[in-house]
(Lines of atoms letter the chains of each structure in order from A and count residues from 1; the text may use other names and numbers.)
(Lines give C-alpha, C1' and ligand atoms only; values in the text may rest on other atoms or scores of the structure.)
Protein backbone atom coordinates (compact mmCIF):
# COMPACT_ATOMS: atom_id res chain seq x y z
CA UNK A 1 0.00 0.00 0.00
CA UNK A 2 1.36 3.38 -0.95
CA UNK A 3 1.28 5.90 1.86
CA UNK A 4 0.11 9.42 1.27
CA UNK A 5 3.70 10.62 1.77
CA UNK A 6 5.00 8.30 -0.95
CA UNK A 7 2.07 9.05 -3.19
CA UNK A 8 2.88 12.74 -3.07
CA UNK A 9 6.55 12.18 -3.89
CA UNK A 10 7.47 13.47 -7.33
CA UNK A 11 4.28 15.50 -7.77
CA UNK A 12 4.64 18.95 -9.24
CA UNK A 13 4.32 21.90 -6.93
CA UNK A 14 0.90 23.54 -6.80
CA UNK A 15 0.27 25.88 -9.70
CA UNK A 16 0.12 28.86 -7.36
CA UNK A 17 3.63 28.13 -6.07
CA UNK A 18 4.97 27.58 -9.59
CA UNK A 19 3.59 30.92 -10.69
CA UNK A 20 5.10 32.60 -7.64
CA UNK A 21 8.53 31.12 -8.43
CA UNK A 22 8.24 32.13 -12.08
CA UNK A 23 7.23 35.67 -11.13
CA UNK A 24 10.16 36.06 -8.73
CA UNK A 25 12.54 34.99 -11.52
CA UNK A 26 11.00 37.48 -13.94
CA UNK A 27 10.89 40.24 -11.34
CA UNK A 28 14.61 39.88 -10.60
CA UNK A 29 15.81 39.43 -14.18
CA UNK A 30 18.77 41.62 -15.12
CA UNK A 31 20.11 41.49 -18.70
CA UNK A 32 23.57 39.94 -19.01
CA UNK A 33 24.73 43.00 -20.93
CA UNK A 34 23.86 45.16 -17.93
CA UNK A 35 25.70 42.85 -15.52
CA UNK A 36 28.71 42.85 -17.84
CA UNK A 37 28.73 46.63 -18.03
CA UNK A 38 28.60 46.91 -14.23
CA UNK A 39 31.58 44.55 -14.02
CA UNK A 40 33.50 46.69 -16.52
CA UNK A 41 32.77 49.85 -14.52
CA UNK A 42 33.80 48.17 -11.27
CA UNK A 43 37.01 47.04 -12.91
CA UNK A 44 37.68 50.54 -14.23
CA UNK A 45 37.15 52.23 -10.86
CA UNK A 46 39.08 49.47 -9.07
CA UNK A 47 42.00 50.22 -11.41
CA UNK A 48 41.62 53.96 -10.87
CA UNK A 49 41.92 53.50 -7.12
CA UNK A 50 45.14 51.45 -7.16
CA UNK A 51 48.28 52.72 -5.43
CA UNK A 52 49.94 53.69 -8.74
CA UNK A 53 46.83 55.62 -9.81
CA UNK A 54 44.63 57.72 -7.50
CA UNK A 55 45.77 55.80 -4.41
CA UNK A 56 42.43 54.98 -2.80
CA UNK A 57 43.35 51.40 -1.80
CA UNK A 58 46.39 49.14 -1.68
CA UNK A 59 45.51 45.88 -3.42
CA UNK A 60 48.25 46.36 -6.08
CA UNK A 61 46.40 43.58 -7.92
CA UNK A 62 45.99 45.55 -11.15
CA UNK A 63 49.33 47.36 -11.08
CA UNK A 64 52.16 46.22 -13.32
CA UNK A 65 54.02 44.74 -10.34
CA UNK A 66 50.89 43.05 -9.02
CA UNK A 67 50.11 41.48 -12.35
CA UNK A 68 53.68 40.21 -12.61
CA UNK A 69 53.36 38.51 -9.21
CA UNK A 70 49.94 37.05 -9.98
CA UNK A 71 51.17 35.73 -13.33
CA UNK A 72 53.60 33.51 -11.43
CA UNK A 73 50.69 32.00 -9.48
CA UNK A 74 48.03 32.07 -12.21
CA UNK A 75 49.86 32.07 -15.56
CA UNK A 76 46.64 31.97 -17.59
CA UNK A 77 44.38 34.06 -15.39
CA UNK A 78 46.48 36.75 -13.74
CA UNK A 79 44.18 39.46 -15.08
CA UNK A 80 41.04 37.73 -13.79
CA UNK A 81 42.61 37.02 -10.38
CA UNK A 82 43.79 40.62 -10.16
CA UNK A 83 40.36 41.91 -11.09
CA UNK A 84 38.69 39.91 -8.33
CA UNK A 85 41.24 40.99 -5.71
CA UNK A 86 41.04 44.66 -6.69
CA UNK A 87 37.24 44.69 -6.75
CA UNK A 88 37.11 42.99 -3.35
CA UNK A 89 39.59 45.52 -1.95
CA UNK A 90 37.46 48.37 -3.27
CA UNK A 91 34.30 46.78 -1.85
CA UNK A 92 35.90 46.50 1.61
CA UNK A 93 36.95 50.17 1.61
CA UNK A 94 33.47 51.21 0.48
CA UNK A 95 31.77 49.11 3.17
CA UNK A 96 34.02 50.54 5.90
CA UNK A 97 33.39 54.09 4.73
CA UNK A 98 29.62 53.64 4.50
CA UNK A 99 29.41 51.96 7.91
CA UNK A 100 26.10 50.50 9.06
CA UNK A 101 23.75 52.81 7.17
CA UNK A 102 21.63 51.12 4.47
CA UNK A 103 23.18 52.21 1.19
CA UNK A 104 23.83 51.27 -2.42
CA UNK A 105 27.27 51.79 -3.95
CA UNK A 106 28.95 50.71 -7.17
CA UNK A 107 30.67 47.94 -5.20
CA UNK A 108 27.68 47.15 -3.00
CA UNK A 109 24.43 46.73 -4.92
CA UNK A 110 23.10 43.98 -2.65
CA UNK A 111 24.35 40.42 -2.12
CA UNK A 112 22.30 38.79 -4.91
CA UNK A 113 23.09 41.40 -7.53
CA UNK A 114 26.76 41.58 -6.52
CA UNK A 115 27.03 37.80 -6.97
CA UNK A 116 25.49 38.02 -10.45
CA UNK A 117 27.94 40.74 -11.46
CA UNK A 118 30.97 38.78 -10.26
CA UNK A 119 29.63 35.69 -12.01
CA UNK A 120 30.35 37.55 -15.24
CA UNK A 121 34.02 37.60 -14.28
CA UNK A 122 33.95 33.82 -13.80
CA UNK A 123 32.30 33.37 -17.19
CA UNK A 124 34.96 35.46 -18.89
CA UNK A 125 37.67 33.39 -17.25
CA UNK A 126 36.03 30.13 -18.35
CA UNK A 127 35.74 31.51 -21.88
CA UNK A 128 39.42 32.54 -21.81
CA UNK A 129 38.31 36.10 -22.49
CA UNK A 130 41.17 38.47 -21.59
CA UNK A 131 40.45 41.58 -19.54
CA UNK A 132 41.52 45.05 -20.56
CA UNK A 133 43.35 46.64 -17.64
CA UNK A 134 43.59 50.40 -17.97
CA UNK A 135 46.90 52.23 -17.44
CA UNK A 136 47.36 54.31 -14.27
CA UNK A 137 45.06 57.32 -13.82
CA UNK A 138 46.60 60.27 -12.00
CA UNK A 139 43.92 62.93 -11.60
CA UNK A 140 40.18 63.46 -11.26
CA UNK A 141 40.15 65.35 -14.57
CA UNK A 142 41.79 62.40 -16.33
CA UNK A 143 39.25 60.10 -14.68
CA UNK A 144 36.42 62.31 -15.93
CA UNK A 145 37.77 62.27 -19.48
CA UNK A 146 38.05 58.48 -19.52
CA UNK A 147 34.60 58.05 -17.96
CA UNK A 148 33.04 60.18 -20.69
CA UNK A 149 34.34 57.61 -23.17
CA UNK A 150 32.80 54.71 -21.25
CA UNK A 151 29.34 55.93 -20.29
CA UNK A 152 26.97 58.43 -21.82
CA UNK A 153 25.64 60.80 -19.17
CA UNK A 154 22.54 62.94 -19.56
CA UNK A 155 22.15 66.46 -18.21
CA UNK A 156 20.07 64.98 -15.40
CA UNK A 157 22.88 62.57 -14.53
CA UNK A 158 25.41 65.39 -14.38
CA UNK A 159 23.07 67.50 -12.26
CA UNK A 160 22.68 64.67 -9.74
CA UNK A 161 26.47 64.46 -9.41
CA UNK A 162 26.83 68.24 -9.09
CA UNK A 163 24.10 68.31 -6.44
CA UNK A 164 25.55 65.45 -4.38
CA UNK A 165 25.61 66.08 -0.63
CA UNK A 166 29.27 65.65 0.27
CA UNK A 167 30.02 64.95 3.92
CA UNK A 168 33.63 64.06 4.60
CA UNK A 169 34.42 60.92 2.60
CA UNK A 170 30.82 60.33 1.55
CA UNK A 171 28.71 61.77 -1.27
CA UNK A 172 24.98 61.08 -1.15
CA UNK A 173 23.28 61.17 -4.54
CA UNK A 174 19.74 60.65 -3.26
CA UNK A 175 17.57 57.74 -2.20
CA UNK A 176 16.56 54.49 -3.89
CA UNK A 177 14.56 51.41 -2.96
CA UNK A 178 15.47 47.77 -3.52
CA UNK A 179 12.74 47.63 -6.15
CA UNK A 180 14.29 50.48 -8.13
CA UNK A 181 17.70 48.81 -8.03
CA UNK A 182 16.14 45.66 -9.53
CA UNK A 183 14.34 47.63 -12.23
CA UNK A 184 15.15 49.50 -15.40
CA UNK A 185 16.60 52.24 -13.20
CA UNK A 186 19.67 50.13 -12.42
CA UNK A 187 21.74 51.39 -15.36
CA UNK A 188 21.03 55.01 -14.47
CA UNK A 189 21.86 54.37 -10.81
CA UNK A 190 25.16 52.71 -11.71
CA UNK A 191 26.13 55.40 -14.23
CA UNK A 192 25.54 58.15 -11.70
CA UNK A 193 27.45 56.32 -8.99
CA UNK A 194 30.38 55.85 -11.37
CA UNK A 195 30.34 59.46 -12.55
CA UNK A 196 30.41 60.69 -8.95
CA UNK A 197 33.92 59.32 -8.40
CA UNK A 198 35.06 62.55 -10.04
CA UNK A 199 34.23 64.16 -6.67
CA UNK A 200 37.29 62.32 -5.34
CA UNK A 201 40.91 63.29 -5.89
CA UNK A 202 44.37 61.83 -5.61
CA UNK A 203 44.73 60.16 -2.23
CA UNK A 204 41.22 61.18 -1.15
CA UNK A 205 38.33 58.87 -1.93
CA UNK A 206 34.80 60.23 -1.64
CA UNK A 207 32.44 57.24 -1.78
CA UNK A 208 29.32 57.95 -3.87
CA UNK A 209 26.20 56.25 -2.57
CA UNK A 210 22.42 56.21 -2.62
CA UNK A 211 20.53 56.01 0.63
CA UNK A 212 18.53 52.76 0.64
CA UNK A 213 14.94 53.19 1.74
CA UNK A 214 12.01 50.86 2.24
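Numbering (our numbering), first residue to last: 2 to 215.
Beta carbons are placed, not taken as given, at the ideal position from N, Cα and C, and that holds for glycine.
Counting only runs of 3+ residues fully inside the stretch 134-186, write out the beta strand (DSSP E) ranges in chain order.
As far as the stretch 134-186 is concerned, its whole beta strand (DSSP E) runs of at least 3 residues are 166-168 and 171-178.
Using the Cβ count rule (16 or more neighbours within 10 Å means buried), how would you classify residue 127?
Residue 127 should be labelled exposed.
Under the three-state DSSP convention, the category residue 89 falls into
Helix, per DSSP.
Proximity winner among 48, 57, 58 and 193, relative to residue 65 (alpha-carbon distances)
The option with the nearest alpha carbon to residue 65 is 48.
Could you give the C-beta distance for residue 211 and residue 174, rounded to a whole number, given that I count them as a contact under 8 angstroms?
So it is a contact: roughly 5 angstroms between Cβ atoms.
Using the DSSP secondary-structure output, state which residues sit across from residue 202 in a beta bridge.
Beta-bridge pairing links residue 202 to 205.
Where does residue 195 land, buried or exposed, given buried means 16+ other C-beta within 10 angstroms?
Counting Cβ neighbours within 10 Å, residue 195 comes out buried, since at least 16 surround it.
Here's the rule I'm using: 16 or more other beta-carbon atoms within 10 Å means buried, otherwise exposed. How should residue 30 be labelled?
It is exposed - the Cβ of residue 30 has fewer than 16 other Cβ atoms within 10 Å.
State the Cα-Cα distance for the pair residue 190 and residue 139, rounded to the nearest angstrom.
Approximately 25 angstroms between the Cα atoms of the pair.
Run the CB neighbour count on residue 166, radius 10 Å, all protein chains shown included, and call it buried at 16 or more, exposed below.
With a 10 Å radius around the Cβ and a threshold of 16 neighbouring Cβ atoms, residue 166 comes out exposed.
Going by other Cβ atoms of all chains shown within 10 Å of its Cβ, with 16 needed for buried, is residue 231 buried or exposed?
What the structure shows of the chain is the stretch from 2 to 215, and residue 231 is not part of that stretch, so it cannot be assessed.
Check each candidate in 205, 203 and 213 and name the one with the smallest Cα separation from residue 181.
With respect to the C-alpha of residue 181, the residue from 205, 203 and 213 having the closest C-alpha is 213.
Quick check: what's the CA-CA separation for residue 188 versus residue 32?
Put simply, the backbone Cα of residue 188 is about 11 angstroms away from that of residue 32.
What span of residues does the alpha helix (DSSP H) with residue 37 cover, start to end?
Unbroken alpha helix (DSSP H) run through residue 37: 33-49.
What first and last residue would you give for the alpha helix (DSSP H) that runs through residue 65?
Segment 65-74, the alpha helix (DSSP H) holding residue 65.
Using DSSP with H/G/I as helix, E/B as strand and the rest coil, what is residue 193?
In this structure, residue 193 counts as helix in the three-state DSSP scheme.
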